Structure formats: C-alpha cells, structure tokens
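Okay, so here's the structure we're looking at.
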Amino acid sequence: MKSIIFIFFIVFVVGCNSHENIVSVRQVQNDSPVILRIRKDRTAIHSLLYPIAFEFKKNGNREIYYFESSYFAKHDELCPGTGECWLKSENQNDNLAYSYKKFYGGVLFTIENNDTIQTHLYKYYKKMIKENKDTIHVSLKEFNNHFKYIIDNFFEGDSIYLHFHDHKRWIDVPLRVSFN
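In terms of my numbering, the sequence shown is residues 45 to 224.
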C-alpha cells in the first residue's frame, strides 16, 4: 500500500511540474544617466546609481505580475550580501502582457570606501565640490566609454533574481546582469 501511495505521489508531482517557459525576460538599454551622490560630509562620492532596464512578457494565459528583484553583487565591498536594485514599469502597472513590457530601474552601488573607483571618478567629485552639488548626472554613454575598467572589474558578473507571481505561486528568473 505504501509503495502504491508513493508511486501515485511521484506521478502526481511529476505530472504537475510544468516545463513551459512561463515568463520571457530580456535586458534592454536604459539611456538614463548614471547618478553620482556625494557623502554628507563632502569627503568622497558616496554612491553610484547605474541605470538598467528589462522587458518582460508572459507566455501563457495566466495572470502574472512582477513583484520584486534580488540583486547579488560579486564584489561584497560595493554591495555587502545583496545590493539595492529597483525596477518599475513604464505605466505603473506591474501585470505582464503577451507583448514585451519595459521596466526601468537602477542598481545602487556604495562606493565611498573603494579607493580605486574614487580615483577614477575624482574629476566628478571635484566638479560637485566646485558647483556645490550633492549629485551629478553622467550620461550612460560617457560613463561606459570612460570607465570601462570600473564596469569590467567591479560590476560585470553580478546577477539578479526577478520574482514574479501568478496569485498561486512564485516564478523566479535568475539572470546575469550586463553593463555593456
């Protein structure tokens, strides 16, 4: 009797497991600027907000919505444990559709204790001091062209888990984030 129940349980679990591609995700270009923020005591650049964007779509007739993301940086000094990452839909509706829907966001890196990055961004620090600003916006194109070393050595290799829900269960999509 136990073996029959066990076999029934295995067949039920395997039969209920879906191998369909429930959500499609692709990373797309976000042309928002990189934002540098100075520390309150104005002794260094505190953080760097790097823009990212994704497009999501559902591949079935279920109602699925984007819930949140978990960001994992490969460099613990920039983002100890998990980093801060946020994504918002362009129309404030997080429900997915059959066509791709764009979600804009950013990754916040704390860079105040990283001497290498501080050295590379020194000209922007000086500009913030001179102009008495607490933030400065650097075009994404300019940042990617001039600070490839920072991207390749500190940001590349990070990953993100995108969490979706269909009102019954969680759908987690792991991705490697691209900064180029």
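Beta carbons are placed, not taken as given, at the ideal position from N, Cα and C, and that holds for glycine.
Computed from a predicted model, the values in this text were never measured in an experiment.
If one requires a minimum length of 3 residues, the beta strand (DSSP E) runs lying completely within the region 83-118 are 89-102, 109-116, in chain order. In this structure, Val72 keeps its C-beta atom at 8 Å or more from the C-beta atom of Val217. Here DSSP, grouped into helix, strand and coil, assigns Asn65 to coil.
Lys101 and Tyr169 do not touch by the CB rule: their CB atoms are close to 41 Å apart, not below 8 Å. If you ignore the 5 residues before and after Asp138, its C-beta comes within less than 7 Å of the C-beta of Tyr109, Tyr110, all in its own chain and listed in chain order. The C-alpha of Asn157 lies about 13 Å from the C-alpha of Leu165. Cα atoms of Ile96 and Asp202: separation of roughly 13 Å, rounded to the nearest angstrom.
The Cβ atoms of Val182 and Leu80 sit closer than 8 Å to each other. Gly150 has its alpha-carbon roughly 8 Å from the corresponding atom of Glu128. Residue environment analysis places Ala141 among the exposed positions, since fewer than 16 neighbouring C-beta atoms fall within 10 angstroms of its C-beta.
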